[in-house]
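Taken in sequence, the protein lines are chains A and B. Final position of the first sequence in the UniProt record's numbering is 143; the numbers increase by one with none missing. Final position of the second sequence in the UniProt record's numbering is 143; the numbers increase by one with none missing. Ideal Cβ placement from N, Cα and C applies to all residues, glycine included.
2 protein chains.
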Amino acid sequence: MPLEARLGYLLKHAQQRLTRASAEALAPFGVDGHELAVLAVLAAEYPLSQVEVAGRLGVDRTTMVALVDGLEDHGLVERRRSPQDRRKNIVELTAAGHDCLRQAELARRETERRFLAPLGEEAGAALVRALRVLVVGVREGEE
Amino acid sequence: MPLEARLGYLLKHAQQRLTRASAEALAPFGVDGHELAVLAVLAAEYPLSQVEVAGRLGVDRTTMVALVDGLEDHGLVERRRSPQDRRKNIVELTAAGHDCLRQAELARRETERRFLAPLGEEAGAALVRALRVLVVGVREGEE
DNA sequence: TATTGTTATACTCTATAACTATA
DNA sequence: TATAGTTATAGAGTATAACAATA
């Protein structure tokens, strides 16, 4: 069996290509894929502490520290202590963070669209559905 | 857009799951996915030097050194100097290497089959075809 | 005693540079 | 001079352990 037919090889290289394309597309906005995901989680739910964001993203809290550091350095989020539980840092999107999220999300979606374009509309959607079944374990609409 | 619908997330986690499953399946044979790929390349073509194997696999020659070291330690391959070009190490499968390849390949295929099983036969094949188009850039049979 | 944020540490992967021996 | 194998080094990414503040 040739190397390029192995599922492991295909998944790895597909992921690497998309990661590279995303990095290029997101570079103008000063964020990478992980940072954009943090912004998206923060926009979807409020208030969230660092561990809560980490939980949503499936990374651990030590990784989240550096992630929030970077976003705060760029003025996209702000930390503030929760008055209810002073152990917690509530992470909050700034106005610049909202702007960045909106623009970078558009760029990310366009990158995914271009990435899947060689498949055509139908096969592209089928690929995403199939991956969802494998990873999340459910079919469209379920859960 | 929820996190679990992002193509990047899906590809990354699909790859991680398959990697874990493969590692478990291959462990009894004393090789990992990379090492098995080396054995497969060596079985398909002869003679091959270290750089030639590296080229087939898309890794660089410094990575190949450690890979061949490990395989040689386990008695699965042997290095010998090429008489035609004494700079080159011809890497050769031993009898144990052939055995290991045969058995581990069966285990790897079975692992892929189980991994894709939730999709059903047709959708599983469609997934592999789609990934091939995205990664290799060709459709079934072309190239 | 458990949790949150943080830092430090270690371990894997990978990329680069440099050395040797050969051509 | 260029190539093959090797080694050493450095960088990203990630996992673990420990500590201070707080509950």
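DSSP has residue i in a bridge; who is on the other side?
i: B:Ser-49; result: B:Ile-90
i: B:Glu-121; result: Answer is none; B:Glu-121 lacks a bridge partner.
i: A:Val-77; result: A:Leu-93
Residues in the same chain with beta-carbon distance under 8 Å from residue i, minus the five sequence neighbours each way, listed in chain order, please.
i: B:Glu-143; result: With a pLDDT of only 49 at B:Glu-143, under 50, the local geometry of the prediction cannot be trusted, and no value is derived from it.
i: B:Leu-48; result: Val-41, Leu-42, Arg-56, Ile-90, Val-91
i: A:Gly-70; result: Glu-35
i: B:Lys-12; result: none
i: A:Thr-63; result: Ala-54
i: A:Leu-127; result: Leu-116, Leu-119
i: B:Glu-122; result: none
Whose C-alpha, out of the options, is nearest the C-alpha of residue i?
i: B:Arg-6; options: A:Glu-105, A:Leu-119, A:Glu-121; result: A:Glu-105
i: B:His-98; options: B:Thr-19, B:Ala-117, B:Val-53, B:Leu-36; result: B:Leu-36
i: B:Leu-110; options: B:Gly-8, B:Leu-11, B:Leu-18, B:Ala-14; result: One point to set straight first is that residue 110 of chain B is Glu, not Leu, in the sequence displayed. The candidate whose alpha carbon is nearest that of B:Glu-110 is B:Leu-18.
i: A:Leu-26; options: A:Gly-75, A:Pro-118, A:Glu-112; result: A:Glu-112
i: B:Pro-28; options: B:Cys-100, B:Leu-42, B:Val-41; result: B:Cys-100
i: A:Val-65; options: A:His-74, A:Ala-54, A:Pro-118, A:Tyr-9; result: A:Ala-54
i: A:Leu-116; options: B:Val-133, B:Glu-45, B:Glu-52; result: B:Val-133
i: B:Arg-102; options: B:Ala-126, B:Ala-23, B:Gly-124, B:Val-31; result: B:Val-31
i: A:Ala-21; options: A:Arg-114, A:Pro-118, A:Glu-4; result: A:Arg-114
i: residue 144 of chain B; options: B:Ala-23, B:Gly-8, B:Arg-86; result: This structure leaves residue 144 of chain B out entirely; chain B is present only between 1 and 143.
i: A:Leu-3; options: B:Arg-86, B:Leu-3, B:Glu-45; result: B:Glu-45
i: A:Gly-58; options: B:Gln-84, B:Gly-58, B:Glu-122, B:Tyr-9; result: B:Tyr-9
i: A:Leu-76; options: A:Ala-96, A:Gln-84, A:Ala-126; result: A:Ala-96
i: B:Pro-118; options: A:Leu-131, A:Leu-119, A:Pro-118, A:Gly-120; result: A:Leu-131
Which residues in the same chain as residue i place their Cβ atom closer than 7 Å to its Cβ, once the five residues preceding and following it in sequence are excluded?
i: A:Glu-78; result: Glu-72, Glu-92, Thr-94
i: B:Leu-67; result: His-34, Glu-35, Val-38
i: A:Gly-124; result: Leu-116
i: A:Val-51; result: Arg-61
i: A:His-74; result: Gly-30
Just to confirm my understanding: we take residue i, look at its own chain, exclude 5 residues before and 5 after, and list those with CB closer than 6 Å. What are they?
i: A:Lys-88; result: Ser-49, Ser-82
i: B:Arg-80; result: Ile-90
#### Entry: Members of the segment 125–137 of chain B near chain A, C-beta cut-off 9 Å
Of all residues in the segment 125–137 of chain B, Ala-126, Leu-127, Val-128, Arg-129, Ala-130, Leu-131, Arg-132, Val-133, Leu-134, Val-135, Val-136, Gly-137 have a Cβ within less than 9 Å of some Cβ in chain A.
#### Entry: Under 9 Å (Cβ pairs) to chain A, residues found in the segment 25–50 of chain B
Residues Gly-33, Ala-37, Ala-40, Val-41, Ala-44.
### Contacting positions in the segment 57–82 of chain A - beta carbon closer than 9 Å to chain B
The residues in question are Leu-57, Gly-58.
### Task
Anything in the segment 83–98 of chain B with a Cβ closer than 9 Å to a Cβ of chain A? List those residues in chain order, please.
The segment 83–98 of chain B vs chain A, Cβ under 9 Å: nothing.
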